[in-house]
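**Student:** Residue 181 is where the sequence shown starts when you use this note's numbering, and the numbers rise one by one after that. Attaching a single structure in structure tokens format; questions to follow.
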Amino acid sequence: MDNKLSELSKPVAWAFKDANDVEHASIIKKANLYGRHDFQPLYSQEYVSALLEDNERVARDLVARNGEIEWLRKRAAELESIRADASQVFKEIGNELGCNPDNESIMMAIDALKERENRVVALAGGNAELWETMAARLEEAEKRLATPVRLPDVRQSSSGDRYQWSDGAHNYRLDVISMLLGAGFTVAVEGDE
């Protein structure tokens, strides 16, 4: 109660009954002649109105609080459902990662997966360089094979121009080796090792 209600809370009069049960009122509280002391306080209308107004305010506050409590109950049920769903998700993730279904274990497993992924990416990057080198070498070899090497005709020996019977085979052999080396091929000849 505030100060106004405190001041108004003092009775303005007293009601009592006499020996014949007749009601009387007095502005002072005193024992009646017959020794009865069953005085009932009487309050001003202003005090009664203030109490009723305060009671209505408390009732409105109570209704508002009840609404808030109901909303909080619903929200608590929603959050419990979310917690249960999250718990199930943690179990599934933990099982999938092969670890305990708690936050710390899952985070450690995820960190380990990230490290593995980084190693795979690094290895793939190294393999990419190897693949690029191999592709370049293959392209170069295909170019060599695409350009035919024209070998000298052995039948020229009959004309007597270049290959004579005595050293013609040797000269022919040297010419062929020279042409193959000039085209970029590696030549290994038996007996020259």
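Don't be surprised by glycine CBs; every beta carbon is placed ideally from N, CA and C. Quantities reported herein were computed from a predicted structural model and do not represent experimental measurements.
Looking only at C-alpha atoms, which of Leu242, Ala304 and Ser224 sits nearest to Lys184?
**Tutor:** Taking the sequence shown and counting its residues from 1, the one referred to as residue 184 is at position 4. Comparing Cα-Cα distances from Lys184 to each of Leu242, Ala304 and Ser224, the minimum goes to Ser224.
**Student:** If we call anything under 7 Å between Cβ atoms a contact, is Leu188 one with Tyr227?
**Tutor:** The residue given as residue 188 occupies position 8 in the sequence shown. The residue given as residue 227 occupies position 47 in the sequence shown. Yes.
**Student:** Tell me, please, whether the segment 226–243 touches the segment 254–267 by the rule of three or more beta-carbon pairs shorter than 8 Å.
**Tutor:** no
**Student:** Just the C-alpha distance for Glu203 and Pro221, rounded to the nearest angstrom, thanks.
**Tutor:** Translated into positions along the sequence shown, residue 203 becomes position 23. Translated into positions along the sequence shown, residue 221 becomes position 41. Using only the alpha carbons, I get a separation of about 13 Å.
**Student:** Residues in the same chain with beta-carbon distance under 7 Å from Gly364, minus the five sequence neighbours each way, listed in chain order, please.
**Tutor:** Residue numbering aside, residue 364 sits at position 184 when the sequence shown is read from its first letter. Closer than 7 Å at the Cβ level, and outside the excluded window around Gly364, lie Arg324.
**Student:** Output needed for Asn280: all residues of its chain with C-beta closer than 6 Å, excluding positions within five of it in sequence on either side, in chain order.
**Tutor:** On the sequence shown, position 100 is the one that residue 280 refers to. The beta carbon of Asn280 sits closer than 6 Å to those of Gly274, all from its chain and outside the five residues before and after it, given in chain order.
**Student:** To the nearest angstrom, how far is the alpha carbon of Leu360 from that of Asn298?
**Tutor:** On the sequence shown, position 180 is the one that residue 360 refers to. On the sequence shown, position 118 is the one that residue 298 refers to. In this structure, the alpha-carbon of Leu360 lies about 47 Å from that of Asn298.
**Student:** Tell me whether Glu250 sits in a helix, a strand or coil according to DSSP, three-state version.
**Tutor:** Within the sequence shown, residue 250 is the residue found at index 70, counting from 1. Of the three classes helix, strand and coil, the one that applies to Glu250 here is helix, per DSSP.
**Student:** May I have the straight-line CA-CA distance separating Glu320 from Gly362, to the nearest angstrom?
**Tutor:** By one-based count along the sequence shown, residue 320 stands at place 140. By one-based count along the sequence shown, residue 362 stands at place 182. One C-alpha to the other measures close to 15 Å.
**Student:** Taking its Cβ as the centre, do 16 or more other Cβ atoms sit within 10 Å of Ser338, making it buried, or is it exposed?
**Tutor:** Translated into the one-based positions of the sequence shown, residue 338 becomes position 158. Here the model assigns Ser338 a pLDDT of 48, short of 50, so the residue's position is not dependable, and the following value carries that caveat. Per the 10 Å Cβ criterion, exposed.
**Student:** Going by beta carbon distance, what residues of the same chain come within less than 8 Å of Phe270, once the five residues before and after it are set aside?
**Tutor:** Reading the sequence shown from its first residue, position 90 is the one you call residue 270. Taken in chain order, the residues that qualify are Pro281, Asp282, Asn283 and Ile286.
**Student:** Under 8 Å by Cβ, that's how I've got Leu277 and Ala266 pegged, so tell me the actual separation to the nearest angstrom.
**Tutor:** Against the sequence shown, residue 277 aligns to sequence position 97. Against the sequence shown, residue 266 aligns to sequence position 86. About 16 Å separates the two Cβ atoms, so there is no contact after all.
**Student:** Can you tell me the Cα-Cα spacing of Asp218 and Ala195, whole angstroms?
**Tutor:** For the purposes of this step, residue 218 is taken as the residue at position 38 of the sequence shown. For the purposes of this step, residue 195 is taken as the residue at position 15 of the sequence shown. About 8 Å.
**Student:** Kindly indicate which three-state DSSP category Phe365 falls into: helix, strand or coil?
**Tutor:** Translated into the one-based positions of the sequence shown, residue 365 becomes position 185. If DSSP states are grouped into helix, strand and coil, Phe365 belongs with coil.
**Student:** Going straight from the alpha carbon of Glu250 to that of Leu232, what length do you get?
**Tutor:** Here residue 250 corresponds to residue number 70 of the sequence shown, with the count starting at 1. Here residue 232 corresponds to residue number 52 of the sequence shown, with the count starting at 1. Each residue's alpha carbon lies about 27 Å from the other.
**Student:** Where Gly305 and Gln268 are concerned, what is the direct C-alpha to C-alpha distance, given to the nearest angstrom?
**Tutor:** Along the sequence shown, one-based indexing puts residue 305 at 125. Along the sequence shown, one-based indexing puts residue 268 at 88. Each residue's alpha carbon lies about 38 Å from the other.
**Student:** Assign Phe196 to one of three DSSP states: helix, strand, or coil.
**Tutor:** Against the sequence shown, residue 196 aligns to sequence position 16. Phe196: strand per DSSP, three-state reduction.
**Student:** Per the DSSP calculation, Glu233 is bridged to which residue(s)?
**Tutor:** Along the sequence shown, one-based indexing puts residue 233 at 53. DSSP, once it has assigned bridges, lists no residue as partnering Glu233.
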